[in-house]
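Counting in the numbering used here, the sequence shown runs from 45 upward without gaps.
Please read the structure below before turning to the comments.
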Amino acid sequence: MGLSYFWFIAAAVIGAMDLYFGNAFLLVISAAAFTTALFSFFLSSVYLQVAIFTVISLLVISYLMYER
45 MGLSYFWFIA
55 AAVIGAMDLY
65 FGNAFLLVIS
75 AAAFTTALFS
85 FFLSSVYLQV
95 AIFTVISLLV
105 ISYLMYER
């Protein structure tokens, strides 16, 4: 549970930036940070948390790019 507060704060800050700027990529990163925060309760390894965050972000961004 070491970085769970960090991930929740990151999701909140990036989500607020998304509301201000209206950028879809910020929404993707905010959702990935929130999902990683939920997983961080069960995973203590920082490397796994960063890997989950990266994989979720890249998968959703690649899906958005493919749909356009």
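Backbone N, C-alpha and C fix where the C-beta goes; we use that ideal spot for every residue, glycine too.
query = Looking only at its own chain, which residues have a Cβ that is under 8 Å from the Cβ of ILE100, when we skip the five neighbours before and after it?
reply = These residues qualify, in order along the chain: ALA75, ALA76, THR79 and THR80.
inquiry  = Can you list, in chain order, the residues of its chain with a C-beta nearer than 7 Å to that of MET61? Leave out the 5 residues immediately preceding and following it.
reply    = Closer than 7 Å at the Cβ level, and outside the excluded window around MET61, lie LEU70.
inquiry  = Can you look up SER88 in the DSSP assignment and give me helix, strand or coil?
reply    = SER88: coil per DSSP, three-state reduction.
key: Contained alpha helix (DSSP H) runs [length at least 4] in the segment 45 to 110, N- to C-terminal order   = Taking only runs of at least 4 residues, the alpha helix (DSSP H) segments lying wholly in the segment 45 to 110 are 48 to 65 and 68 to 84.
task = Enumerate in chain order the residues of its own chain whose CB-to-CB distance from LEU87 is below 8 Å, with the five nearest sequence positions on each side excluded.
result = Taken in chain order, the residues that qualify are GLN93 and ILE96.
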